[in-house]
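The structure appears right after this line, and notes come after that.
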Amino acid sequence: MWNYLKEIITGSWSLCVGMWIVLRHAFRRPVTVQYPYQSVKLPARYRGHIQLKFDPATGNPKCIVCMACQRACPSNCIALDGVKPEGATRKVPTQYSLNFTTCSLCGLCVESCNFDALEFSKEYNLTSQHKKDYQMMDLLTYGREAKK
Amino acid sequence: MMAIPKDLIMELVRIVLYVVGFLAFIAVNAAYLSLLERKVPSWFQLRYGPKEVGPWGLLQPVADGIKLCAKQLLVQKGADVALFKLAPAMVVIPAIMSAVTLPFSETIVARNIDLGLLLIFSLSSIHVIGTMLGGWASCNKYSGIAAARVVAQNIAYEIPLLLVMVSLVMVTHTFNLHEIVNGQAGGFWHWNAFRLTASPLMPAAFIIYFICMLAEANRAPFDMLEAESELVAGAFTEYSGMGFGLFFIAEYANIVVGCSLGTILFLGGWHCPFGLLPGLHWFLIKMYFLCFMVIWVRWSFPRTQFYGLLNLSWKILIPFALAHLVLTSIMLKLL
Amino acid sequence: MTLSELKTQLASLAEPGALISETDHAKRGTDLDVTVSAGKVVAAAELLDTARYTLEAITGVDWIAEKQIELVYDYTLWESGVRVAVRSRISRENPAIPTISAIFPGANWHERETRDFFGVDFTGHPDMSPLLLPEDATFHPLRKDFGA
Amino acid sequence: MSIEAQTIHRETFVLNLGPQHPATHGVLRIKLTMNGEYVEDADPVIGYGHRMQEKMGENRTYAKFLPNTARMDYVAALFNTHGYVCAVERLAGITVPDRAEYIRVITAELNRIASHLLWVGAFLIDLGGFTPLLYTFDDREQILDLLESITGARLTFCYYRFGGVCNDIDEQFISGTRAFIARLHSRMPMYHALITQNIIFRKRCEGIGPIPAETCRKYGGSGPVLRGSGVSYDVRKNEPYSIYPRLDFNIPVYQECDCTARYKVRMDEMVESMRIIEQSLDQLPAGPVMAEKVPKLLKPPKGDCYFNVESARGVFGVRLVSDGTDKAYRLKLRSPCFSNLSLFRDCSRGMLMADALALLGSLDLVIPDIDR
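Read top to bottom, the protein sequences are chains G, E, P and V.
The opening residue of the first sequence carries number 118 in our numbering; numbering runs sequentially from there.
The opening residue of the second sequence carries number 450 in our numbering; numbering runs sequentially from there.
The opening residue of the third sequence carries number 473 in our numbering; numbering runs sequentially from there.
The opening residue of the fourth sequence carries number 1015 in our numbering; numbering runs sequentially from there.
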């Protein structure tokens, strides 16, 4: 009998405590971020899709078409090509396209780059109605536009 | 041509006015309680809740209503079409009809019936059958389980509820809601919930009533019939559009009626706690406070287990209600 | 049962000339590595069951050059962290091995998975229907001749 | 039993729980044979999210498989990566610098807390309580922010490399982690008052879903499920790896075998993980975070090895067979949830449906980890 009453009392008390805790939270500020109006600050190491780095002096990509990123990619989503202009010491990319639909944003390509030519974009508001827009992302033009 | 008596016309106008009034009252309450049901947990849970549609999301229920009306009412293969379509109506009509005898204030009452309390309890039993039929007619196993649960649950909870009511009627000597309220005039110490002279267990009786009301309205933590982590949406799984909308309205209508009844029976109806300025506003304040409690309870606790719910009823609520009944009768005899 | 006792008992199960070696836990992750014939897998499981080992995983390795499939049963003793690998090699053409699911019910799923991936038939298994692959799958993807 | 009673007893029906059901947390389907509300038989059907990760491990180089490891148990992704890199390191004989080992432990334990916080919330959802989920997510977000600041991702971290980690941690991370630990310490009493003490929660968990230790042994159950059954087995203690032997922590064990025991194990593990993180931060040595001379194209010598780590859900094992080339010859991934789910059929027999779902929730399943 005593246990019966004790359980009722402790049980009811636990319910009251629970309700009190929940009520106390009602007077705190919401912690959610209202996305289209507000956005969180992305950390410096945020892994977005990749983009080419450009030499600020010449405006040309730093990439020398060594193909290390292409080899490092687990999903084979980087395709690049380059030529060696007359008199130049190194190659320049003529085409650098990223298949963003298969990219898993692992960052192995950026890590593999020995020439500091690749970086992560901070752009995450990417949307399109056509798959092909992201199947062949031309990073040469994309990077230049982003710079402007 | 026979002249229509003026009294009859007045009566007809009165009836029409009350019918429209009640429908509007229940509909607006259902709509805005559903908004409150989303706003209150958002405060508890450190979020904003609906805020896009109208200022503070005030037009959200309207948007919801339009959405529900625009949706097609699907009836799946194998369902008992007649019962399937009848069930939402069977649930929502008694809930609205119960409002007929509720005295909102000294003057605002549709029909002051001597056996008002009895009428409300008989009506509130019908919606159980409606929910059961809805679950049964859905031809869905989850709904079928829910239909079986709802019957067992409501039988278990009618008993302590009615035991509490019997003792209350013994104290008040009437079934008439209007008279019950007037018996509690003059300060909160006269309210039935605190009338310790009638029985020391009166506050417990109020809590029993509140718990039973939650169970009757199938509200969390007793929402066995739409336990979404077990039964998807229980009896309402197969309903779409306004079929679901009616169940939804009925749920909130039941809360409103239940909270109103709690206010009338235990919290002194339209009377002020300090004996000042009685009126509709006090009734509404008390009723919405109870509604808030209902929502608060829902978002604080996990769901009970089915046998836990029956254990609570048979092992705790019924013994207490019986003790209360015995005490009341003894006190009544002695004093 | 100490490790050396277990070793002698397992050695009695192993075929003459078969490999039974105490391996370095730090380098291999196992303490005892024993190869038994297909018929003795159940006996080994019984022995390890009485020694209160638990079955961690069953897996196959397709040795296509040797036309064999090797099954590896990993057992662990909780108290000491000792791991015993029981191996058995069976023909690749018609792979069949008795089930140990009667001794370790947990082997049921591991064996079904191995059947999915390698096509090994576990004789006496209560239900050999595909577990992870679609129910109508007729291919065995982890065989080396399965094109990726 | 009379013939009539027998026929009544036989009246069972099959209930298809999932693949889309609120309680299955993903694409898990359970064929329930029900006798009224009682479960007569529960047959889990898995494989809806099967991606053949093991084959992918065989047809790409060792480094290229790293991103995949985060996509199995995505709630506790670092443990899978940890198991994989440790197995490869064991086979290739790479020693990891101390600082990298410490960073691995710190981040992995943070991940464990995040995973357990998610579980507490999701378990309460299974039981019908919504509000705790939002509170645990509030705390979990802090961890994800911390991990994002050093790994660049919130879920699919891909942080460990063969021979170390890819990025060093900074002062901001260290102070942020200490602040988080202080915060979670102050929140624990609230969780206990809101959840552990709650009478409804207790009634729904105490004595529900017993899993005897022997069943765990027969099925290979591990992790909090096993420790809730009274067996003190934790890879970190019983088969120590990384720097765990240097740290002082306890393995919470409860004897009750029920859902409450599993819940309490996880709650206590969070506290223990915080102790581990604090000690690791105190002891954190300076130095490089990558071993020198790890070739870009790793070719471990011929042979095979096994490596176990204690993931948030149990024992995550990797069996690696190398033929000396740059790709694994065979990569077996032993997932904890796979074994933990396999005992569900045995343990749920005769339970009420709601209790069986509480048991299912208490196993802490991540379906892509089962399907791989």
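Don't be surprised by glycine CBs; every beta carbon is placed ideally from N, CA and C.
- With contacts defined by Cβ atoms closer than 8 Å, Leu1124/V and Thr1170/V do not form a contacting pair.
- Counting only Cβ-Cβ distances below 9 Å, Ile1214/V has contacts in chain E at Pro670, Phe750, Pro751, Arg752, Thr753, Gln754 and Gly757, in chain order.
- Looking at the DSSP output, Tyr545/P sits in a beta bridge with Ile530/P and Val558/P.
- Counted as a single uninterrupted DSSP element, the stretch harbouring Thr1339/V is not any beta strand (DSSP E), since DSSP gives it neither H nor E.
- The stretch 1329 to 1348 of chain V and the stretch 559 to 579 of chain P do not touch, with fewer than 3 CB-CB distances between them shorter than 8 Å.
- At a cut-off of 8 Å between beta carbons, Glu1185/V makes no contact with chain E.
- The DSSP-derived three-state label of Lys534/E is helix.
- Burial is judged here by how many other beta carbons sit within 10 angstroms of a residue's own beta carbon; Ile453/E has fewer than 16 and is exposed.
- Residue state for Leu522/E is assigned as coil, using DSSP reduced to three classes.
- By alpha-carbon distance to Pro1238/V, the top candidate from Val1329/V, Pro1259/V and Leu1138/V is Val1329/V.
- Rounded to the nearest angstrom, the gap between the Cα atoms of Met662/E and Ile1044/V is 35 Å.
- Taking a Cβ-Cβ threshold of 9 Å, the residues of chain V close to Phe237/G are Gly1166, in chain order.
- Setting aside the 5 residues that flank it on each side, Val613/E is surrounded in the same chain by Ala654, Ile657, Tyr658 and Ala770, each with a C-beta closer than 6 Å to its C-beta; the list follows chain order.
- For the pair Arg1113/V and Gly1301/V, the CB atoms are nearer than the 8 Å cut-off.
- Under the three-state reduction of DSSP, Phe1027/V is assigned to strand.
- For Phe533/E, the closest C-alpha among the options Gly584/E, Glu486/E, Ile704/E and Val618/E is that of Gly584/E.
- Contact between Ala1084/V and Asn1094/V is confirmed by a C-beta separation of about 7 Å, below the 8 Å threshold.
- Gln540/P is bridged by DSSP to Trp535/P and Ser563/P.
- The beta carbon of Tyr1088/V lies closer than 6 Å to those of Leu1169 in the same chain, with the five residues before and after it left out.
- At a beta-carbon threshold of 8 Å, the residues of chain E lying near Leu1366/V are Gln754, Phe755 and Tyr756, ordered along the chain.
- Among the CB atoms of chain P, none fall inside 8 Å of the CB of Glu1115/V.
- Assignment of Leu1161/V by DSSP, reduced to helix, strand and coil, places it in the helix class.
- For Leu645/E, not one C-beta of chain G is nearer than 8 Å to its own C-beta.
- The C-beta of Arg487/E comes no closer than 8 Å to any C-beta of chain G.
- In the displayed model, Met1066/V falls within coil according to three-state DSSP, outside both helix and strand.
- Between Ile195/G and chain V, the shortest Cβ-Cβ separation is not below 8 Å.
- Between the alpha carbons of Ile744/E and Leu482/E lies a gap of roughly 9 Å.
- If you look at Ile195/G, you'll find it in the beta strand (DSSP E) that goes Ile195 to Val200.
- Unbroken alpha helix (DSSP H) runs of no fewer than 4 residues, entirely contained in the stretch 611 to 644 of chain E, are found at 626 to 631, following chain order.
- Membership of Lys123/G in the alpha helix (DSSP H) is indicated by the continuous run Trp119 to His142.
- By the Cβ rule, the stretch 500 to 509 of chain P does not count as touching the stretch 522 to 532 of chain P, because fewer than three pairs are nearer than 8 Å.
- If you draw a straight line from the Cα of Met184/G to the Cα of Gln494/E, it comes to about 50 Å.
- Below the 7 Å Cβ cutoff, chain G contributes Ile138 as neighbours of Met1204/V, in chain order.
- Residues are counted here when their Cβ sits less than 7 Å from a Cβ of chain P; for the stretch 1057 to 1090 of chain V these are Ile1060, Gly1061, His1064, Met1066, Glu1068, Lys1069 and Asn1073, given in chain order.
- Look at the beta carbons and you see the stretch 569 to 587 of chain E touching the stretch 674 to 688 of chain E: at least three pairs across the two are nearer than 8 Å.
- Under DSSP, Thr1075/V shares a beta bridge with Lys1341/V.
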